[in-house]
Structure formats: structure tokens, C-alpha cells
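According to the working numbering, the sequence shown is numbered sequentially starting from 5. All C-beta atoms in this analysis are idealised placements derived from N, C-alpha and C, irrespective of residue type, glycine included.
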Amino acid sequence: MTLSSRIETDYIAAYKAKDSLRLGVLRLLKTAVKNLQVEKMRPLTEDEVLEVVIRQTKQRQDSIEQYTAAGRQDLADTEAAELEILKDYMPAQIGEDELAALVEKTIADLGVSGMQDMGKVMNAIMADYKGRVDGKALSGMVRTKLQAQSS
Numbered sequence: 005m006t007l008s009s010r011i012e013t014d015y016i017a018a019y020k021a022k023d024s025l026r027l028g029v030l031r032l033l034k035t036a037v038k039n040l041q042v043e044k045m046r047p048l049t050e051d052e053v054l055e056v057v058i059r060q061t062k063q064r065q066d067s068i069e070q071y072t073a074a075g076r077q078d079l080a081d082t083e084a085a086e087l088e089i090l091k092d093y094m095p096a097q098i099g100e101d102e103l104a105a106l107v108e109k110t111i112a113d114l115g116v117s118g119m120q121d122m123g124k125v126m127n128a129i130m131a132d133y134k135g136r137v138d139g140k141a142l143s144g145m146v147r148t149k150l151q152a153q154s155s
């Protein structure tokens, strides 16, 4: 089952179950997918639909941070609940240990020597593991490994 059809099926199920939170999240997700499809004037690929899900997930994470900083825990909790629903449509995330091993291997394979090559490492990993790696966590780990290597 494709990601698009899964979203559609879950949307109908949420509608029938009167699950207003899930229905609202899936409605926004469907709209974002449809907007991109109209913009590109062709059906979307699975990767493009996944990009929309990733973008929606990042928006929720940013909103949670902003609401928490502003002292609006009620809104942060709502965004967190929406984020959990969106995570159902994301591929399984790579664990921290596996990510550390992946960073080490990529650094060795590319033969990078310092911080100036951080972009090469990031691009290589993100290209192969799109949607499965958190960019902030990866960036921090690559930075730490390269700084330790150059010291």
C-alpha cells in the first residue's frame, strides 16, 4: 500500500470513527500533498509524499518548541499529539548507536579530514537515509566526530 493510499484509508477510518484529532491532522496532510501535486502538475512519487510528511513533522516540532518557550503548554500538548499521529507515516528512525556507527563509516569511506568536509558527510548520509535520520542529531554527531578527529 502506498503512503498516499494509506493516508486516504486512515482518513476515511478516522472520519467514520469520529476521531477529530486524527481526522484534522490527516486532513491537513492530505491538503499539503494535494497542494504540492497541483504545484507540480503531476501525480507525486512516494518520496515526494514522504517529503510532505517530513515537512509537516518538522512544523509540529518547531511549534512545540515555540509554545513551550512561550509558556503555552496546552498548545504544545496538542501539537505533540498531532506529531505522534504524523510519526505513524514516517519510516522507522535510526537509533543513536546505529547513527554513530554510520557517521564513523561515512567519515572513513569519504576520507574527510576536518570540519570543512562536514557538508560532504551530511549529504552522503541524508541522501541514503532520507526521512530516517533527524538532521539536528546527525549534524551534532558529525560535528563532534570531526572535531575529535581534527584535535
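Endpoints, alpha helix (DSSP H) assigned at residue 8:
7 to 21
Please check the pair residue 61 and residue 90, which I expect to be a contact at CB under 8 Å, by giving their CB distance rounded to whole angstroms.
5 Å
With H, G and I counted as helix, E and B as strand and the rest as coil, what does DSSP make of residue 138?
coil
Answer with buried or exposed for residue 37, where buried requires no fewer than 16 other C-beta atoms within 10 angstroms of its C-beta.
buried
Does DSSP classify residue 116 as helix, strand or coil?
coil
Thinking C-alpha only, which one of 8, 97, 15 and 99 is nearest residue 54?
8
Measuring CA to CA, which of 138, 14, 34 and 35 is closest to residue 95?
138
Whose CA, out of 6, 63, 18 and 23, lies closest to the CA of residue 47?
6
Could you tell me the distance, in whole angstroms, from the CA atom of residue 32 to the CA atom of residue 93?
14 Å
Residue 42, buried or exposed, once every other Cβ within 10 Å from all chains shown has been counted against 16:
exposed
State yes or no: is the C-beta of residue 110 within less than 8 Å of the C-beta of residue 129?
yes
Please state the DSSP three-state secondary structure of residue 45.
coil
Buried or exposed for residue 108, please, with buried defined as at least 16 other CB atoms from any protein chain shown within 10 angstroms of its CB.
exposed
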